[in-house]
Amino acid sequence: MSEPMIIRARVHAPVKEVRHALTDPATLRVWLAEHAEVELPDRFAFWGRTIPEGDAPHQRLLDADERTVRFAWLLDGVETTTELQVEEEGDAATIVTLSQTHFDFQDVITGDSIRGVLQTFWYQALANLAEHFEGRELTPRADYSSSDMRAQVTIDATPDAVFQSLIDSEAVTKWFGFPIEIEPHVGGRFAMGGLANDPSPAKILELEPGRKFSLDWGGSGVGAWELEGSGGKTRLTMVQSGFDAARPPHAAWGGILSGVSELRRYHEIPDWRPVWVDAA
7 MSEPMIIRAR
17 VHAPVKEVRH
27 ALTDPATLRV
37 WLAEHAEVEL
47 PDRFAFWGRT
57 IPEGDAPHQR
67 LLDADERTVR
77 FAWLLDGVET
87 TTELQVEEEG
97 DAATIVTLSQ
107 THFDFQDVIT
117 GDSIRGVLQT
127 FWYQALANLA
137 EHFEGRELTP
147 RADYSSSDMR
157 AQVTIDATPD
167 AVFQSLIDSE
177 AVTKWFGFPI
187 EIEPHVGGRF
197 AMGGLANDPS
207 PAKILELEPG
217 RKFSLDWGGS
227 GVGAWELEGS
237 GGKTRLTMVQ
247 SGFDAARPPH
257 AAWGGILSGV
267 SELRRYHEIP
277 DWRPVWVDAA
């Protein structure tokens, strides 16, 4: 089996409070799932629309102590192992480290297993955890029970500023946390990893400054970003369409939504720095 996937996130709260949020059912229902039931040391369960195969709980608690929660999670007939660990970063911040087994990026590409959504699922969930402790409105998350992909957020910045941060390669790379190279014109390329490293870049279909930006992602369909200003703020509406409804691109959509969480923070938090911490 390959090495577990590791994600590290900075949460601005003391370690004791963050550890409590990992096993308190009421708090779990805020940042992780619609439904959560916890009775330590025997039960740790969560389910709902924003959970892969979330029609029922599929978790089995393995271990929980003052620093770690570890559980088995049955997904697509395979029992995976998930671990959440907390460590102090000074007095007022905590690093949360997520370890997840049985994630194969090939499943993202092929869509053959629901396990392909695990990476962007955890990015969304941990982004919500950080937002919860910052007292911010939570960014919408993917609904794995539906093929309807539409979300809306309000950003405390003008449409022109938000639009520029969607089409400028340096800005997008900064808030998305991954190298992206953009040719900002209709017909231009939008390349994940840079033009030299993306053999099948998305193509820009529409580009109306301060108003609209859309991309043809090929098999993942068309992604449209529409901006509407009011009172110095921007209402950003995102829609993904034109894909095979029998194989909705939940992994890609989850990546967009977790990215939007950071886009909001990028515009709204003074002296912004990413939630995400490079794996040690």
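Be aware that the sequence shown starts at 7, since it is given in the working numbering, and climbs by one per residue. All C-beta atoms, glycine included, are put in the ideal place defined by N, C-alpha and C. Computed from a prediction, not measured in an experiment: that's the story for all the values here.
Ignore the nearest five residues each way along the sequence and tell me which others in residue i's own chain have a CB closer than 6 Å to its CB.
{"i": "R241", "result": "T160 and E234"}
{"i": "W181", "result": "E268, L269 and Y272"}
{"i": "V92", "result": "V21, V24, R25, R73, T100 and V102"}
{"i": "S171", "result": "A177"}
On the DSSP bridge assignment, give the partners of residue i in chain order.
{"i": "T126", "result": "Per DSSP, none; premise fails for T126."}
{"i": "T86", "result": "W79"}
{"i": "Q91", "result": "T74 and T103"}
{"i": "G229", "result": "L221 and Q246"}
{"i": "H41", "result": "W53"}
{"i": "E187", "result": "A197"}
{"i": "T240", "result": "I161 and G235"}
{"i": "A19", "result": "According to DSSP, A19 bridges with nothing at all."}
{"i": "D154", "result": "In the DSSP output, where bridge partners are listed per residue, D154 has none listed."}
{"i": "Q65", "result": "W79"}
{"i": "I210", "result": "L221"}
{"i": "I12", "result": "S105"}
{"i": "W181", "result": "Paired residues: none, contrary to the question."}
{"i": "V282", "result": "According to the sequence shown, residue 282 is Trp rather than Val. Partner(s): A15."}
Taking the alpha-carbon of residue i as reference, which of the options has the nearest alpha-carbon?
{"i": "R55", "options": "I188, D162, S151 and Q246", "result": "S151"}
{"i": "D69", "options": "R49, V84, G83 and I57", "result": "R49"}
{"i": "G199", "options": "V192, G193 and P185", "result": "P185"}
{"i": "D166", "options": "I12, H273, E89 and D154", "result": "H273"}
{"i": "I173", "options": "V84, W278, I188 and D162", "result": "I188"}
{"i": "P10", "options": "M155, V281, A99 and H108", "result": "H108"}
{"i": "W282", "options": "K239, E40 and Q130", "result": "Q130"}
{"i": "P146", "options": "I57, A163, F111 and I12", "result": "I57"}
{"i": "G237", "options": "T116, T164, R142 and P31", "result": "T164"}
Cα separation between residue i and residue j?
{"i": "F219", "j": "D118", "result": "30 Å"}
{"i": "S206", "j": "A197", "result": "8 Å"}
{"i": "E140", "j": "H18", "result": "7 Å"}
{"i": "L104", "j": "R253", "result": "27 Å"}
{"i": "E59", "j": "T74", "result": "24 Å"}
{"i": "T86", "j": "H64", "result": "10 Å"}
{"i": "E95", "j": "V178", "result": "27 Å"}
{"i": "E137", "j": "F169", "result": "23 Å"}
{"i": "G261", "j": "A148", "result": "9 Å"}
{"i": "L144", "j": "T33", "result": "13 Å"}
{"i": "V21", "j": "G248", "result": "44 Å"}
{"i": "E212", "j": "S175", "result": "17 Å"}
{"i": "E89", "j": "V192", "result": "44 Å"}
{"i": "A78", "j": "E214", "result": "47 Å"}
{"i": "R195", "j": "R66", "result": "45 Å"}
{"i": "P276", "j": "V266", "result": "17 Å"}
{"i": "W278", "j": "I12", "result": "23 Å"}
{"i": "D284", "j": "K239", "result": "31 Å"}
{"i": "I42", "j": "R35", "result": "Correcting the residue type first, residue 42 is Ala in the shown sequence and not Ile. When rounded, the distance between both Cα atoms is 6 Å."}
{"i": "W259", "j": "V114", "result": "11 Å"}
{"i": "F111", "j": "S8", "result": "11 Å"}
{"i": "W128", "j": "N203", "result": "25 Å"}
Assuming contact is defined by CB atoms lying nearer than 8 Å, are residue i and residue j in contact in what I supplied?
{"i": "G216", "j": "E268", "result": "no"}
{"i": "A157", "j": "M244", "result": "yes"}
{"i": "L221", "j": "I210", "result": "yes"}
{"i": "Q106", "j": "L124", "result": "yes"}
{"i": "G227", "j": "P190", "result": "no"}
{"i": "A257", "j": "G122", "result": "yes"}
{"i": "S264", "j": "T100", "result": "no"}
{"i": "A230", "j": "S153", "result": "no"}
Which residues in the same chain as residue i place their Cβ atom closer than 8 Å to its Cβ, once the five residues preceding and following it in sequence are excluded?
{"i": "A62", "result": "W53"}
{"i": "L135", "result": "A15, V17, V24, A27, W37, L38 and V102"}
{"i": "G224", "result": "S206 and A208"}
{"i": "T29", "result": "V44, L46, F50, A70 and V75"}
{"i": "D97", "result": "P20"}
Using a Cβ-Cβ cut-off of 8 Å, state whether residue i counts as contacting chain C.
{"i": "I12", "result": "Checking the listed chains, one finds no chain C in this structure; it contains a single protein chain."}
If you drop the 5 nearest sequence neighbours on each side, which residues of the same chain put their C-beta closer than 7 Å to that of residue i?
{"i": "D162", "result": "K239, H273 and E274"}
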